[in-house]
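Chains A and B, in that order, are what the protein sequence lines are.
Just so you know, the first sequence maps onto residues 0 to 117 in numbering that gives the first Met the number 0.
Just so you know, the second sequence maps onto residues 0 to 195 in numbering that gives the first Met the number 0.
Everything below concerns the one structure shown next.
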Amino acid sequence: MDPQSHNTGSDEARLDALFQAYRAACPDPEPSANFMPLLWQGIEARQNVSIVFSRLARNLMTAALALSILLGLVVSFSGSRVGQLPSESYVEVLADEHYSQTLDYDDPVHISPAVEQR
Amino acid sequence: MLVDYELIRRAREGDGPAFNELVAAYRKRILGTIARLIGRPEDVEDVGQEVFLRLYYSLDQLRSAEVFEPWLYRLTANAAYDYLRKRRRRLESRMADLSEQQVVLADAAAGEKVDRDEGQKKRIREAVDALLDRVSEEDRVLLTLKEVEGLSLKELGEIYHVKENALKVRLFRARQRVLKAFTAARKTAAGVSSSR
């Protein structure tokens with residue numbers, strides 16, 4: 000038999016024994032008297048953090064809603080003023096003005112024919 | 000199962016006394032598993048608190064009461080893994096601490112059938128802790144659950160949601176690495192003692 004493999008086999012068994020000894024050296028510990036109170040403290044502390052975050056999120060949402068309502072009001076108010084402004088485009092306004100200006104010269108120009116002087 | 004399904008269902012619905020009962024039923028077993036997974040008795044209770052805190056906040060995600068135990072073991076393995084990773088970041092690898100003498104003493108103590116005193120237990124804990132530091136935190140947790148806790152491949156498969164064959168390969172590699180370190184430590188110690 001190969002002495003190397005024999006050694007490995009023996010080491011395998013020794014390692015198994017060491018693991019078993021380790022199990023015995025680490026028995027199930029008795030929980031301390033304040034295990035449950037500490038656990039509930041931890042649970043409540045985490046709940047408080049989540050409550051703070053949810054309040055913060057709620058406040059942010061309310062602020063965003065108020066801001067959007069305000070912006071909506073501003074837009075609708077400025078929209079009503081927009082109605083008072085001319086609806087035509089700048090070019091159309093110019094064209095209209097140009098038309099009214101040309102009206103001044105709308106009458107046909109009558110050029111009396113020159114009288115021939117004989 | 001240490002408790003009935005009805006208790007788990009009540010705890011899942013937010014019943015505080017039912018949750019207390021659930022923790023009381025499992026805490027000793029879970030603290031024991033943590034003690035062997037992390038190898039530091041002084042930190043066991045802190046990790047245990049973390050496990051049950053995670054349990055409280057994730058109970059509503061539990062699919063059914065039947066899978067409660069593997070699921071609790073999964074939370075335990077994850078919390079131990081997180082602790083070991085943080086510890087490795089804090090400390091340098093304990094490889095240098097693994098004196099050959101320590102392993103030989105632990106090996107000798109492991110072979111004795113008599114009741115071990117606290118000193119021997121401490122030596123065994125330190126030697127196994129140092130040996131397990133040779134593998135990654137994930138493999139350490141897996142190997143401890145298999146070799147020390149005695150969980151079967153089927154149980155490990157339920158905890159990790161991994162196929163048994165994949166677990167077998169991983170466990171074999173991790174064990175080989177630990178065995179190699181163990182053999183090397185014993186050989187060196189034998190060499191040192193024969194040269195004296």
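From the three backbone atoms N, C-alpha and C, an ideal C-beta is built for every residue, glycine too.
From a predicted model like this one, the values you see are computed outputs, not experimental measurements.
- Under a criterion of Cβ atoms nearer than 8 Å, the residues of chain B adjacent to Arg-45 (chain A) are, in order, Leu-52 and Tyr-56.
- Boundaries of the alpha helix (DSSP H) harbouring Arg-84 (chain B): 67-89, taken from the DSSP string.
- Excluding its 5 nearest sequence neighbours in each direction, Ala-12 (chain A) has no C-beta neighbour in its own chain below 7 Å.
- The residue among A:Asp-10, A:Pro-26 and A:Asn-33 with its C-alpha nearest the C-alpha of Leu-30 (chain B) is A:Pro-26.
- Within chain A, no residue has its CB atom less than 7 Å from the CB of Lys-167 (chain B), the nearest being about 16 Å off.
- Taking C-alpha positions only, His-97 (chain A) is separated from Tyr-89 (chain A) by approximately 12 Å.
- Not a single CB atom of chain B sits nearer than 8 Å to the CB of Pro-36 (chain A).
- Around the beta carbon of Ala-56 (chain A), a 10 Å sphere encloses fewer than 16 other beta carbons of the protein chains shown; the residue is thus reported as exposed.
- The C-beta distance from Met-35 (chain A) to Val-2 (chain B) rounds to 16 Å, too long to fall under 8 Å, and the pair is not in contact.
- When the five nearest sequence neighbours on each side are left out, the beta carbons in the same chain lying within less than 6 Å of the beta carbon of Arg-53 (chain B) are those of Leu-74, in order along the chain.
- The beta carbon of Ser-31 (chain A) falls within 8 Å of a beta carbon belonging to chain B, placing the residue at that interface.
- In summary, Val-127 (chain B) is buried, with 16 or more beta-carbon neighbours lying within 10 Å of its beta-carbon over all protein chains present.
- Flagged as an interface residue toward chain B: Ala-24 (chain A), by a C-beta distance shorter than 8 Å.
- At a cut-off of 8 Å between C-beta atoms, Gln-175 (chain B) does not count as an interface residue with respect to chain A.
- Contact of Leu-17 (chain A) with chain B is assigned, a C-beta pair being separated by under 8 Å.
- Take Ala-79 (chain B), set aside five residues on each side of it, and the residues of its chain with a beta-carbon closer than 7 Å to its own are Ile-33, Leu-36, Ile-37, Val-46 and Val-140, in chain order.
- Thr-182 (chain B) sits close to Asp-10 (chain A), with the two beta carbons spaced by under 8 Å.
- In the three-state reduction of the DSSP assignment, Leu-21 (chain B) falls in the helix class.
- Going by beta carbons, Ala-10 (chain B) and Leu-58 (chain B) fall inside the 8 Å limit.
- If you draw a 10 Å sphere on the C-beta of Arg-62 (chain B), you find fewer than 16 other C-beta atoms in it, and that means exposed.
- When secondary structure is reduced to three states using DSSP, Ser-88 (chain A) falls in the coil class, being assigned neither helix nor strand.
- Residues of chain B whose Cβ lies closer than 9 Å to the Cβ of Ile-50 (chain A) do not exist; the shortest such Cβ separation is about 14 Å.
- Note that the C-beta distance between Ile-158 (chain B) and Pro-69 (chain B) is below 8 Å.
- Taking 8 Å as the threshold, the shortest C-beta distance from Asn-19 (chain B) to chain A falls below it.
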